[in-house]
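The next block holds one structure in the form of structure tokens; read it before the comments.
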Amino acid sequence: MKEIRLHGRGGQGSVTAAEMIAVAAFEDKRFSQAFPAFGVERRGAPVMAFARIADKPIRIRSQIYEPDYVIVQDVTLLDVVDVAGGLKPTGKIIINTDRPCEALKLKTDAEVITIDATKIAMEILKRPIVNTTMLGAFCGASKEVGLESLNKAISERFKGELGKKNLLAIKAAFERVS
Amino acid sequence: MSEKTANRKVVEGSYAVAHAVMCCRPDVISAYPITPQTHIVENLSQMVADGELDSEFLTVDSEFSALSVLIGSSACGARTYSSTTSQGLALMYEVLYNVSGMRIPVVMNVANRALGAPLNIWNDQQDAMGARDAGWLQIYVEDVQEAVDATLQAYKIAEDAQIRTPIMVCMDGFILTHVYEPVELLDKEKAREFLPDYKPADILDPAHPKTFGAFADPSTYTEFRYQQFEAQLKALDKIEKVAREFEETFGRYYGGLLDSYFVEDAEIVIVTLGSVIGTIKDAIDAMRSEGKKVGLLKVRSYRPFPVQALRKALKDASVIAVIEKDVAIGGEAGLVTDLKASLYNSNIRMPIIGFTAGLGGRDITIKDIRKIVAKAEAARKSIETEFQFLDLRTEIL
Chain A
-15 MKEIRLHGRG
-5 GQGSVTAAEM
5 IAVAAFEDKR
15 FSQAFPAFGV
25 ERRGAPVMAF
35 ARIADKPIRI
45 RSQIYEPDYV
55 IVQDVTLLDV
65 VDVAGGLKPT
75 GKIIINTDRP
85 CEALKLKTDA
95 EVITIDATKI
105 AMEILKRPIV
115 NTTMLGAFCG
125 ASKEVGLESL
135 NKAISERFKG
145 ELGKKNLLAI
155 KAAFERVS
Chain B
21 MSEKTANRKV
31 VEGSYAVAHA
41 VMCCRPDVIS
51 AYPITPQTHI
61 VENLSQMVAD
71 GELDSEFLTV
81 DSEFSALSVL
91 IGSSACGART
101 YSSTTSQGLA
111 LMYEVLYNVS
121 GMRIPVVMNV
131 ANRALGAPLN
141 IWNDQQDAMG
151 ARDAGWLQIY
161 VEDVQEAVDA
171 TLQAYKIAED
181 AQIRTPIMVC
191 MDGFILTHVY
201 EPVELLDKEK
211 AREFLPDYKP
221 ADILDPAHPK
231 TFGAFADPST
241 YTEFRYQQFE
251 AQLKALDKIE
261 KVAREFEETF
271 GRYYGGLLDS
281 YFVEDAEIVI
291 VTLGSVIGTI
301 KDAIDAMRSE
311 GKKVGLLKVR
321 SYRPFPVQAL
331 RKALKDASVI
341 AVIEKDVAIG
351 GEAGLVTDLK
361 ASLYNSNIRM
371 PIIGFTAGLG
381 GRDITIKDIR
391 KIVAKAEAAR
401 KSIETEFQFL
411 DLRTEIL
């Protein structure tokens, strides 16, 4: 079983991103689960969401403390949240930032991957909403969900022109980290 | 491998339950939105607005009104539905007794949540446990699929002419209402075959005047309560029967009254209810691989309380650990108290240690389950068998 923890701020679509991971993994004929770190919803406040992917039915319902992957949608969270806390040394953390890995001074033995998802999102979506772009990066860096399955999940969720643009953002991020 | 089919998909627990309710075709829905139940009624309201569900959706000023509306509707022959949680259920308290006393077969999903004060929106089961004596049937589910399936089963149990008793389908708030996981949504036609339209024998009808729940003086009141008591005992068979009928139609079975996991040869049996069961199963797998004989008994039907079935299932255990997300302040907690009472008049004797955990949304982890098992092992030597708070943070007391 692979466990994924997403960090973001209220309004950045972290819960939707976790849901999309679960839907994409299910498209891959695997078992999945996604849920928010249940909080009092406030725009801008630090939020967390979780996803699990496995080859057999997932029964465990506790939160995720030792993730295989961490996705950070907003680099300013590094000052307020221990985003790499519990991350497995063999795992990966993917951070949306324009700064190089070394500048982040993260305390982890896991692989740190940075991507300027905000820039990609602004160019393609014309909005600083990075959740789908970060999913593209997660897909490319982890290979835990297939790109086609992710695209299918996104297309079912975001219809029409918006859906197409999101697929372009996913592709750009996927290629950037692959 | 997980297969996607037309009806099997990854959806939110609340949507899955709302879809199940749609397949049960209630004539009248009345509910007041409250976290974490909100998504269930939002989805139902949407289905009614979109014409997918032909129901009267009555918006009201409070939970008290929501449930009161259903008394009138059901008494006139309508199939009814509501959903609530926590303070909302507390506000219904007076109406709960009116519904059960008038033998109104309301089906209600309770998205279990803590009670204030202090204000807390997170999951535990103090709300439904507090209503255990209100004359309703109560089923606690472990995952979204069971919440879906139990909702359909609930109508068949509640509306049975021999039972005529309201039922709460209790699902842990957030943990099950807000999780996305693969679910087999109900097939509308199969659901219709399983659950025909509601045709009660006794309804309020101006052409044939009669009254429901009007007045009973000391010469008859006891008999009203006795009949409710009797109906709950009959529900013991009905719940099992409906679970088996459901299995025949839909191919899924969760146990009727109880379900067991490695109980047969277990020395330590954990008894619990609700969504913590999945985590406990994973913990048991890990401990079994280490040679620890641990098992799990799931209490699916809490009301009626399956006394005989529990005695049978637990007779060979050497120690029992009960874990539950409620506390009877000044006593112990609901499940452990009922379990001890049900074993006392049998010849079954073993230490029973009760734990409250997960109050107000505190996460229950595999480590917590291991802690329970360690304490249960110690309890075999009668070191410490009294009721306790498992996950207490003594450093902030």
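Each protein sequence line maps, in turn, to chains A and B. The opening residue of the first sequence carries number -15 in the working numbering; numbering runs sequentially from there. The opening residue of the second sequence carries number 21 in the working numbering; numbering runs sequentially from there. Note that CB positions come from ideal geometry on N, CA and C, so glycine has one too.
Following the continuous alpha helix (DSSP H) through residue 59 of chain B, name the residue where it begins and the one where it ends. 58 to 69
Along the chain, where does the beta strand (DSSP E) that runs through residue 315 of chain B open and close? 314 to 319
Give me the Cβ distance between residue 125 of chain B and residue 178 of chain B, rounded to the nearest whole Å; I'm assuming they're in contact under 8 Å. 4 Å
Limits of the unbroken alpha helix (DSSP H) element including residue -9 of chain A: That residue, residue -9 of chain A, is in no alpha helix (DSSP H); its beta strand (DSSP E) goes -14 to -7.
Which stretch, first to last residue, makes up the alpha helix (DSSP H) that contains residue 135 of chain A? 131 to 141
What is the DSSP secondary structure of residue 18 of chain A, counted as helix, strand or coil? strand
Within 8 Å of any Cβ in chain A, is that where the Cβ of residue 199 of chain B sits? yes
What's the gap between the Cα of residue 135 of chain A and the Cα of residue 81 of chain B? 43 Å
Boundaries of the alpha helix (DSSP H) in which residue 50 of chain B is found, first to last residue: From DSSP, residue 50 of chain B is part of no alpha helix (DSSP H) but of the beta strand (DSSP E) over 48 to 50.
Check distances from the C-beta atoms of the region 7 to 29 of chain A to those of chain B and list, in chain order, the residues that come in under 8 Å. 7, 10, 11, 13, 14, 15, 16, 17, 18, 19, 20, 22, 24
Does the region 13 to 21 of chain A come close enough to the region 70 to 83 of chain A to have 3 or more Cβ pairs within less than 8 Å? no
Alpha carbon to alpha carbon, how far is residue 78 of chain A from residue 3 of chain A? 18 Å
Can you say whether residue 13 of chain A is buried or exposed, counting buried as having 16 or more other CB atoms within 10 angstroms of its CB? exposed
Label residue 403 of chain B either buried or exposed according to how many other C-beta atoms from any shown protein chain fall within 10 Å of its C-beta, with 16 as the threshold for buried. exposed
Please confirm if the region 94 to 110 of chain B is in contact with the region 301 to 309 of chain B, defined as three or more CB-CB distances below 8 Å between the two stretches. no
Can you tell me where the alpha helix (DSSP H) holding residue 115 of chain A begins and where it ends? 115 to 126
State the Cα-Cα distance for the pair residue 138 of chain B and residue 381 of chain B, rounded to the nearest angstrom. 13 Å
For residue 192 of chain B, which of helix, strand or coil comes out of DSSP? strand
Closest by CA to residue 321 of chain B, which one among B:253, B:181, B:160, B:27? B:160
Any Cβ of chain B within less than 8 Å of the Cβ of residue 132 of chain A? no
If you pair each beta-carbon of the region 167 to 181 of chain B with each one of the region 344 to 358 of chain B, do three or more pairs fall below 8 Å? no
The region 46 to 67 of chain A: which residues have C-beta closer than 8 Å to a C-beta of chain B, in chain order? 46, 47, 49
I'd like the span of the beta strand (DSSP E) that includes residue 32 of chain B, first residue to last. 28 to 32
Please classify residue 169 of chain B: does DSSP put it in a helix, a strand, or coil? helix
Quick check for students: name the residue ranges of the beta strand (DSSP E) that lie wholly in the region 245 to 310 of chain B, counting only runs of 3 or more. 278 to 281, 288 to 292
Using 8 Å for Cβ pairs, my map puts residue 124 of chain A next to residue 96 of chain A. What's the rounded Cβ distance? 15 Å between Cβ atoms; not a contact.
Of all Cβ atoms in chain A, is any one closer than 8 Å to the Cβ of residue 384 of chain B? yes
CB contact below 8 Å: residue 280 of chain B versus chain A: no
Please decide whether residue 25 of chain B counts as near chain A, where near means a Cβ-Cβ distance under 8 Å. no
The alpha helix (DSSP H) enclosing residue 392 of chain B, as first and last residue numbers: 386 to 399
Rounded to the nearest angstrom, how far is the Cβ of residue 168 of chain B from that of residue 148 of chain B, given a contact under 8 Å? Their Cβ separation, rounded to whole angstroms, is 18 Å, which puts residue 168 of chain B and residue 148 of chain B out of contact at 8 Å.
With which residues is residue 10 of chain A paired in a DSSP beta bridge? None, per the DSSP bridge assignment.
When you compare the CB positions of residue 100 of chain B and residue 93 of chain B, do they come within less than 8 Å of one another, or not? yes
Euclidean distance between Cα positions of residue 74 of chain B and residue 67 of chain B: 9 Å
Please classify residue 67 of chain A as buried or exposed, where buried requires at least 16 other C-beta atoms within 10 Å of its C-beta. buried
Could you check the C-alpha separation between residue 250 of chain B and residue 143 of chain B for me, to the nearest Å? 32 Å
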